[in-house]
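>
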Amino acid sequence: MTSGTESCENIVDNNMNLGPSWKIWRHKRYVVAIMAFLGFMNIYTLRANLSIAIVDMTQLKNITLDNGTTILKKDFDWDSKLQGYVLSSFFYGYVFTQIAGGYLATKIGGTWVFSFGIASTAFFTLITPWVAKTNVYFFIVVRTIEGLCEGLTFPAVQEIWSQWAPPAEKSRLVSISISGGYFGAVVAMPACSLIASSLGWEYIFYIFALLDFDLNQVGFLAALPYLVMSLMVQAGGYSADFILQRKYLNTTQVRKLLIMTGFSAQAIFLLLAGYWVSPVGTSVCLVVAVGLGGLAVSGMGVVPIDIAPKFASVIYGIATTVATLPGIISPILTGYLVTDSTNIFQWRIVFYIASGIYLFGIIVCFMFISGVRQSWADKEEVIMKGNHNQYFVSTE
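Per our numbering, residue 3 is the first one in the sequence shown, and the count goes up by one each step.
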């Protein structure tokens with residue numbers, strides 16, 4: 003056993019012949035990061051598929067009757083309010099298992115919790131088409147259960163990185179993992195559009211469980227912000243480690259810089275989206291707003307590990323529980339505020355509210371965010387490192 007104040011970073015870098023850093027298969031922590039990336043990519047495709055499928059499910063289609071008559075009919079005649087409840091139902095469950103996921107991860111290990119969350123979400127996605135055709139309220143219940151299952155995953159990965167991430171690399175490792183979710187949205191949305199238009203909306207759920215724009219344009223345009231966001235999350239993580247290693251700023255300053263920059267960009271460009279009234283202008287504003295929000299994600303995602311590695315999964319669970327509330331409220335609120343989707347004045351109210359929330363977040367970040375390990379978490383803890391059977395006592 004190695005004792006004292008020797009860091010995880012020293013053991014990983016000095017005591018193991020891992021070869022050049024580009025040989026990621028020899029650096030087990032990067033293999034774990036890629037696996038977490040793919041896991042989040044998977045669950046985000048399962049989450050995002052309904053956002054595209056509902057367009058095809060509720061639009062008018064030409065239906066040919068047995069007598070040869072062609073009529074216009076929707077598969078599901080849901081008004082905007084009911085669609086809001088359907089879309090937000092995932093978060094009804096998601097909000098309740100964040101803390102539980104963090105707690106379970108500390109008891110049985112983050113890997114088991116993460117794996118269960120992915121597998122169970124996939125199962126309920128597989129039965130979604132049948133459920134939707136049976137009863138809309140049954141559909142809402144199943145989507146809620148999906149949220150319950152997926153809510154376990156993010157805190158579980160925090161537990162994994164609290165054990166595996168060297169101090170000098172934790173920003174990039176967490177960012178690589180989290181960015182998989184946004185890349186999943188990039189894959190899901192265009193693919194969902196193509197599947198819906200060629201095979202039907204039901205196959206969106208089957209395929210992903212097993213593995214004024216038209217619908218195809220909706221999918222590709224909706225994916226662009228998440229492509230930028232996925233890249234910005236990783237850029238933020240690598241930038242944070244670069245700045246910290248060269249001691250240009252301290253940890254707290256780096257976290258605040260990333261979070262406040264991301265929130266500021268989102269607040270500004272969401273306001274602009276309400277006034278640059280054109281398909282191109284609005285799309286550009288939303289892409290930039292959501293994309294640059296990735297900087298904030300890369301800052302926030304590491305804070306629990308900064309302040310209390312031992313309790314990172316539970317802290318992250320508490321934080322994301324609160325952060326999930328807008329996912330419940332916003333689709334419903336938008337359904338009430340925007341009764342005419344072509345009315346720009348109604349959409350401006352939505353953008354005002356969103357910008358105000360980000361401005362409030364900037365104030366909270368400036369006043370309270372810290373990257374300093376807290377005294378209540380500053381206890382000696384024995385940590386095991388991977389398959390190398392090496393242990394050390396960390397007092398950092």
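Every residue gets a Cβ at the ideal spot worked out from N, C-alpha and C, and that includes glycine.
All figures in this text were calculated on a predicted structure; none of them were measured in a lab.
(1) Go ahead and pull the three-state DSSP assignment for Lys312.
(2) Are the stretch 301 to 308 and the stretch 75 to 86 touching by the rule of at least three beta carbon pairs closer than 8 Å?
(3) List the endpoints of the continuous alpha helix (DSSP H) containing Asp77.
(4) I want to know whether the stretch 40 to 53 touches the stretch 114 to 130 - three or more CB-CB distances under 8 Å.
(5) How close, in whole Å, do the beta carbons of Gln160 and Gly104 come, if the pair is a contact with beta carbons under 8 Å?
(6) Expressed to the nearest angstrom, what Euclidean distance is found between the alpha-carbon atoms of Glu236 and Thr341?
(7) Give the list of continuous beta strand (DSSP E) stretches no shorter than 3 residues that lie fully inside the stretch 95 to 138.
(8) State the Cα-Cα distance for the pair Ser82 and Leu246, rounded to the nearest angstrom.
(9) Are the Cβ atoms of Ser1 and Ala242 separated by less than 7 Å?
(10) Can the beta-carbon of Thr263 be found closer than 7 Å to that of Asp308?
(11) Which term fits Val282, buried or exposed, when burial requires 16 or more other beta carbons within 10 angstroms of its beta carbon?
(12) For Trp378 and Leu52, what's the separation of their Cα atoms in angstroms?
(13) Compute the distance between the beta-carbons of Pro1 and Tyr318, then report whether it is under 7 Å.
(14) Restricting to runs no shorter than 3 residues, where is the beta strand (DSSP E) found entirely within the stretch 319 to 360?
(15) Using CA coordinates, which residue listed in Ala107, Phe140, Lys249 is at the minimum distance from Pro311?
(16) Are the beta-carbon atoms belonging to Leu150 and Thr99 less than 7 Å from one another?
(17) Between which residues of its own chain and Leu339 is the CB-CB distance below 8 Å, once the five residues before and five after are set aside?
(18) Excluding five sequence neighbours on each side, which residues of the same chain lie with their C-beta closer than 6 Å to the C-beta of Leu272?
(19) Could you work out which residue in Ala225, Glu152, Gly276, Gly293 is closest to Thr123 when comparing CA atoms only?
(20) Could you give the residue range of the alpha helix (DSSP H) that holds Asn51?
(21) Going by DSSP in three states, Met173 sits in which element: helix, strand or coil?
(22) Grouping DSSP H, G and I as helix and E and B as strand, with all else coil, what is Tyr277?
(23) From what residue to what residue does the alpha helix (DSSP H) around Ala158 run?
(24) Does Ser372 come out as helix, strand or coil in the three-state DSSP assignment?
(25) Counting C-beta neighbours from all protein chains within 10 Å, is the total for Arg248 16 or more, i.e. buried, or is it exposed?
(26) DSSP three-state call for Val304: helix, strand or coil?
(27) Please identify the residue among Ala275, Gly373, Gln61 whose C-alpha is closest to the C-alpha of Leu251.
(28) Would you identify the three-state DSSP class for Asp243, choosing helix, strand or coil?
(29) Hey, how far is the Cα of Ile334 from the Cα of Leu226?
(30) Exposed or buried, which one is Gln85 when buried takes at least 16 other CB atoms within 10 Å?
(31) Under 6 Å Cβ to Cβ from Phe185, same chain only, skipping five residues before and after it: list those, please.
(32) Can you look up Leu251 in the DSSP assignment and give me helix, strand or coil?
(33) Let me make sure I understand the geometry here. Which of Thr322, Gly295, Ala321 has the alpha-carbon closest to that of Leu361?
(34) Tell me the rounded alpha-carbon separation between Phe140 and Lys30.
Quick look at the numbers:
(1) Helix.
(2) no
(3) Element bounds for Asp77: n/a, residue is neither H nor E.
(4) Taking 8 Å as the limit for Cβ pairs, the verdict is that the stretch 114 to 130 does touch the stretch 40 to 53.
(5) 7 Å
(6) The displayed chain sequence assigns Gln, not Glu, to residue 236. Each residue's Cα considered, the two are about 38 Å apart.
(7) none
(8) A direct Cα-to-Cα measurement between Ser82 and Leu246 gives close to 47 Å.
(9) Outside the modelled stretch of the chain, which goes from 3 to 398, sits residue 1, for which no answer is possible.
(10) no
(11) exposed
(12) 42 Å
(13) Because residue 1 is not part of the residues shown, which for the chain are 3 to 398, the question remains open.
(14) With a minimum length of 3 residues, no continuous beta strand (DSSP E) run stays inside the stretch 319 to 360.
(15) Ala107
(16) yes
(17) Gln348, Ile351, Val352
(18) Only Ala291, Phe353, Ala356, Ser357 meet the Cβ criterion.
(19) Glu152
(20) First-last of the alpha helix (DSSP H) with Asn51: 30 to 60.
(21) Checking the displayed sequence, the identity of residue 173 turns out to be Ser instead of Met. Secondary structure at Ser173: helix, using DSSP grouped into helix, strand and coil.
(22) coil
(23) 155 to 166
(24) coil
(25) exposed
(26) coil
(27) Closest by alpha carbon: Gly373.
(28) helix
(29) 24 Å
(30) Classification of Gln85: buried, given that the 10 Å Cβ count is 16 or more.
(31) Hits under 6 Å: Met43, Ser232.
(32) coil
(33) Comparing Cα positions, the closest option is Gly295.
(34) 43 Å
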